[in-house]
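Working notes, beginning with the structure itself.
Rendered as structure tokens:
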């Protein structure tokens, strides 16, 4: 069994109004040390397969569903569980 | 400068319809090895302060805005950048 942690964020070239809104709100709450903020999606998947097959499956899942590859980039980590 | 990576997920006791929908969709795409799936929010923050102050600030940001502490749990990692 493997656990995949998938992080999906907007590509740098894409304007992220949600992140701007969260950043503004945090500044209004006096968190002035905040310089930069990125929002994204986080998925944790448990896969009943080998590490190699898990990597292939997660890659395909990201390409097909978890990320909009036109606007988003993704990365993932695999760990035995 | 410190980079904080914040992961916000629903508490185990909370039903997550989004995760159920994504899991069903992935099963329909023949990813039968998928056993379990959790969805959440992911934030990356860059903070211009010391490590100790960054930790305190991130904790407060999560409590005040980034997470709904009634339904969600959060964890974060700090790294120099």
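Protein chains in written order, with UniProt numbering: chain R, 1 to 81; chain A, 1 to 81.
Using N, Cα and C, we set each Cβ at its ideal position, and we do this for glycine too.
Because the structure is a prediction, the values reported are computed rather than measured.
Shortest Cα-Cα distance from residue 68 of chain A to any of A:55, A:40 and A:3 involves A:40. The CB of residue 29 of chain A comes closer than 7 Å to the CB of 64 and 65 in chain R, given here in chain order. With a cutoff of 7 Å on beta-carbon distance, residue 7 of chain R and residue 16 of chain R are scored as not near each other. Residue 66 of chain R places its beta carbon less than 7 Å from that of residue 43 of chain R.
Annotation note: the region 25-54 of chain A contains no uninterrupted alpha helix (DSSP H) run of length 4 or greater. In chain order, 2, 4, 47 and 78 place their CB closer than 8 Å to the CB of residue 54 of chain A, counting only its own chain and leaving out the 5 sequence neighbours on each side. Those residues of the region 22-55 of chain A placed with their C-beta closer than 8 Å to a C-beta in chain R are 22, 25, 26, 29, 31, 33, 34, 35, 36, 37, 38, 39, 40, 41, 42, 43, 44, 45, 46, 47, 48, 49, 53 and 54, ordered along the chain.
Distances from the alpha-carbon of residue 31 of chain R to those of A:27, A:64, A:38 and A:31 put A:64 closest. For residue 57 of chain A, at least one C-beta of chain R is nearer than 7 Å to its own C-beta. When the beta-carbon positions are compared, residue 37 of chain R and residue 22 of chain R come within less than 7 Å of each other. In this structure, residue 26 of chain A and residue 61 of chain R form a Cβ contact; the two beta carbons are roughly 6 Å apart against a cut-off of 8 Å. Beta-bridge partners assigned by DSSP to residue 72 of chain A: A:10. A straight line joining the alpha-carbon of residue 13 of chain R with that of residue 81 of chain A spans about 21 Å. Residue pairing for residue 78 of chain A: DSSP places it in a beta bridge opposite A:4.
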